[in-house]
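For the sequence shown, counting from 1, position 273 maps to 258 in my numbering; every step adds exactly one.
Data block below; observations after.
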Amino acid sequence: MAAPVSSAALSYGILRRQPSPICSFSATFFLPLSSATLDQSRRVSLSSVWPSQLRSRRRSLPSLLAMASEKALASKGDQGLLVFDTEEELSASLAKYTAELSEKFIRERGAFTVVVSGGSLIKSLRKLTESPYLETIDWAKWHTFWVDERVVPKDHEDSNYKLAFDGFLSKVPIPPDQVCAINDALSAPGAAEDYETALKHLVNIGVVVKSASGYPRFDLMLLGMGPDGHIASLFPNHPLLNVTDKWVTFIKDSPKPPPERITFTLPVINSSSYVAMVVAGAGKAGVVGKALGNEKTADLLPVEMISLEDGELTWFADNAAVSMLPDKPSL
Ligand code: 6PG
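Spelled out as structure tokens, the structure:
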């Protein structure tokens, strides 16, 4: 267990840190790798109630999970949906979920690899920076990554690194050389290649696990979704959705500004052990309705292309975000 650290000490120590551009770690303190098996205890098999019968079953659902404060749950295979009255409750449950996975992976293999997106997700991580998680999570074993990054300097307002640093990373004692950020001195193609090279190194030394299909397999991805259904910097109908021969690629015509970004490819996302898809607010309701509703169309949104090879996807939503689901799971 990490020793309690005062917030004053944290901000003094961490505000001055710079991430290693190549994320070159020593593997000497890692335990022998075991395959990252899924914790079946959190799974609920409710395929027959997804999502059309959710209303009738949902009162009994929360007790099926060993997590506090869920207001509703549905599950189908490797997907689950948790709905909260408020974003505040969502944030509290997301912190508990993350802390439990941190404990599990650190116990199993001595490290926890966590990927974050940009956007409103970072604000929803705020409870992790507070008691009890600030004191109880073994932050020294965390390794953090970005699912996508804008090709701008790290101190730029558009930088996902800056967003995560200001809202999360500067408040928790993760060792600076375990924060794997983009090399912002490079162009978009160069930065993507550099990030992929860093990931290959981390796979080679055992910090990041390799999936059965040969992609990096992160322990947890904490992702947001755009109102158009994009995830990472993978946008609807964009050719980047079809890239399978790269782990990290780049885009120069992102419909969401800024235009130049690097992004994990879909197979890397689909190789994750756990994915939390965090959606809050009415602005996400239409796309959540399409992604989780009963009407399936051929034109899949990027978020609908998440199909984990051997993992578990959990949606963390507030009431507003599920307001256009056919069976609105509000209590
Ligand atoms: C980015 C993000 C992006 C984001 C979604 C959701 O760099 O733009 O990584 O994928 O997560 O657009 O963002 P919001 O929650 O702010 O809508």
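Ideal placement from N, C-alpha and C gives every residue a C-beta, glycine not left out.
What you are looking at is a predicted structure, and each value in this text was computed from that prediction instead of being measured.
Judged by the Cβ position, Asn279 fails to qualify as a neighbour of the ligand 6PG at the 7 Å threshold, every heavy atom of the ligand being at least this far. Pro201 is positioned such that its CB atom lies closer than 8 Å to that of Ser256.
Bounds of the beta strand (DSSP E) holding Tyr259 are Tyr259 to Val264. By a beta-carbon distance limit of 8 Å, Phe130 does not contact Phe220. Their separation comes to about 20 Å. Placement of the Cβ of Val132 at a distance of less than 7 Å from at least one heavy atom of the ligand 6PG is found. Residue pairing of Glu134 in beta bridges, as defined by DSSP: Ile247. In terms of Cα proximity to Ala84, the closest of Ser105, Ser218, Leu66 and Glu120 is Glu120. In this structure, Lys275 sits away from Thr250, with a CB-CB distance that is not shorter than 8 Å.
Counting every other CB atom within 10 Å of its CB across the protein chains shown gives Glu280 a total below 16, marking it as exposed.
Lys237 counts as exposed, since fewer than 16 other beta carbons sit within 10 angstroms of its beta carbon.
DSSP, reduced to helix, strand and coil, places Gly65 within a strand of the structure shown. Spatial neighbours of Ile122 in its own chain (CB-CB distance under 6 Å, excluding positions within 5 residues in sequence) are listed in chain order as Ala84 and Ser87.
Distances taken from the Cβ of Ala176 to the heavy atoms of the ligand 6PG include none shorter than 7 Å.
Residue Leu154 holds the alpha-carbon nearest to the alpha-carbon of Gln163 among Leu154, Val228 and Asp63.
For Gly95, the closest of Glu74, Lys126, Val193 and Val273 by C-alpha to C-alpha distance is Lys126. In this structure, Leu293 sits near Asp63, with a CB-CB distance shorter than 8 Å.
When Cβ pairs closer than 8 Å are counted between the two stretches, the segment 132 to 146 is seen to touch the segment 206 to 226, the count reaching three or more. With respect to Pro243, Val137 sits close: the two C-beta atoms are nearer than 8 Å. Asp303 sits in a strand when the DSSP states are folded into three classes. DSSP places Gly209 in the strand class (E or B) of the three-state scheme. Checking the 7 Å criterion, the Cβ of Gly152 is out of range of every heavy atom belonging to the ligand 6PG. In the structure shown, Phe97 falls within a strand segment according to DSSP collapsed to helix, strand and coil. In this structure, the ligand 6PG has a non-hydrogen atom nearer than 7 Å to the beta-carbon of Arg135.
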